[in-house]
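Engineer: Dropping a structure here in structure tokens format, bear with me for questions.
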Amino acid sequence: MSVDGDDNQARIPAALRRRTQRTLRAAFTMVELLVVVAIIALLLAMLLPGLARARQQALRTKCATNLRQFGLALHQYAADHRGRAIPLAYWQTTPDSPHVTYWWGRDEPAGVDVTRGLTWPYIASDLRHASVYECPVQPPGTFEIMQGQSKTLTSTYGYNGYYLSPKHTPGWADLIGKRPWRTMETVSAPSRVLAFSDTMLDWGGWLKNCALLDPPMLYQGFGGWSENESPTTSFRHEWRANATFVDGHVRSLGPGNGRITSPLFRIGSIGRTNDPYYVPDWREW
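Residue numbers (this note's numbering): 2 to 286.
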């Protein structure tokens, strides 16, 4: 048998034998390649969701870092101003015209100048990159800019001025609006009251930025309150909102039993009433 096999092999031309061997090697290599491609595709399908989650976690961490800076700014401002919380806004009159300085900056016709804001002296931020006033999960282009004369971005975080410094702010007075200008020592349960949070506003189906942390209930005067149709807490981190509390710590919260007034944009409030997170003493107004 071995002799016959050798004779048959000898009768096949050498060139044909080489061509057949190359074809077999090429076919085998193609099968290997397809197997490798299939394995890579399977690994990518397994890894990509994990990578996406890791990226989102990194963005949430950056957001929390931004908010932590605001907490430090709140306390440093108070140390420099007899324990007072940062005003939501400061009205000034100049020979040319009155202008307003907000916690996030000054609103100028040419654009928002964050370096003139009430928090800026206490903030470490590099304006060449996305600033500390912008949540990385909500970058420009994902919403319409609402505030600012020139429609330049103010902030995608909101300040709890409704409690700490009500929004009608007549300069450096001891009273802001009809409520006292809050000192840090008069804040009840500072570990439960929000100072800053992720915020946005659903403006008739358009997502807009909002630098105010509006509570679930609004004051109507004479001790009366009504339900706020547009609270501004944004649960943009997979239905959670990052927030800085008055005592300076940062954590993320879900809406709990709160009202979601904009399911599309994940906007609403934490809880259904103003306490404990927004205006803890609202029943005393």
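Note that the Cβ used here is the ideal one computed from N, Cα and C, for glycine as well. If you're wondering where the values come from, they're calculated on a predicted model, not measured in any experiment.
Beta carbon of Trp105, beta carbon of Tyr134: below 9 Å?
Structural biologist: Here residue 105 is taken as the residue at index 104 of the sequence shown, counted from 1. Here residue 134 is taken as the residue at index 133 of the sequence shown, counted from 1. Cβ atoms of Trp105 and Tyr134: closer than 9 Å.
Engineer: Would you kindly report the start and end of the unbroken beta strand (DSSP E) that includes Gly112?
Structural biologist: Stepping through the sequence shown from its first residue, residue 112 is reached at position 111. DSSP places Gly112 in the uninterrupted beta strand (DSSP E) bounded by 112-114.
Engineer: Go to Tyr158, then tell me how far its beta strand (DSSP E) extends in each direction, as first and last residue.
Structural biologist: Taking the first residue of the sequence shown as position 1, residue 158 is located at position 157. First-last of the beta strand (DSSP E) with Tyr158: 158-160.
Engineer: Who are the Cβ neighbours of Arg117 in its own chain at under 7 Å, not counting the five residues just before and after it?
Structural biologist: For the purposes of this step, residue 117 is taken as residue 116 along the sequence shown, with counting starting at 1. Closer than 7 Å at Cβ, skipping near neighbours: Thr102, Gly106, Arg107.
Engineer: Flag this pair as yes or no: are the beta carbons of Leu165 and Ala196 separated by less than 9 Å?
Structural biologist: The residue you call residue 165 lines up with position 164 of the sequence shown. The residue you call residue 196 lines up with position 195 of the sequence shown. A distance below 9 Å separates the beta carbons of Leu165 and Ala196.
Engineer: Please report the distance separating the alpha-carbon of Lys209 from that of Leu68.
Structural biologist: Reading the sequence shown from its first residue, position 208 is the one you call residue 209. Reading the sequence shown from its first residue, position 67 is the one you call residue 68. Those two C-alpha atoms are separated by around 20 Å.
Engineer: Here's the rule I'm using: 16 or more other beta-carbon atoms within 10 Å means buried, otherwise exposed. How should Ile87 be labelled?
Structural biologist: Translated into the one-based positions of the sequence shown, residue 87 becomes position 86. Buried.
Engineer: Hey, is the segment 78-86 in contact with the segment 253-266, meaning 3+ C-beta pairs nearer than 8 Å?
Structural biologist: no
Engineer: Specify the secondary structure class of Gly72 as computed by DSSP and reduced to three states.
Structural biologist: Within the sequence shown, the letter at position 71 stands for residue 72. In the structure shown, Gly72 falls within a helical segment according to DSSP collapsed to helix, strand and coil.
Engineer: Which residue from Gly72, His76, Trp286 puts its Cα closest to that of Gly225?
Structural biologist: Residue numbering aside, residue 225 sits at position 224 when the sequence shown is read from its first letter. Answer by Cα proximity: Trp286.
Engineer: Report buried or exposed for Val32, applying the criterion of at least 16 other Cβ atoms within 10 angstroms of its Cβ.
Structural biologist: On the sequence shown, residue 32 is found 31 positions in, with the first residue counted as 1. Classification of Val32: exposed, given that the 10 Å Cβ count is below 16.
Engineer: In the structure shown, what three-state DSSP assignment does Glu145 receive?
Structural biologist: By one-based count along the sequence shown, residue 145 stands at place 144. Looking at Glu145 - three-state DSSP - the assignment turns out to be strand.
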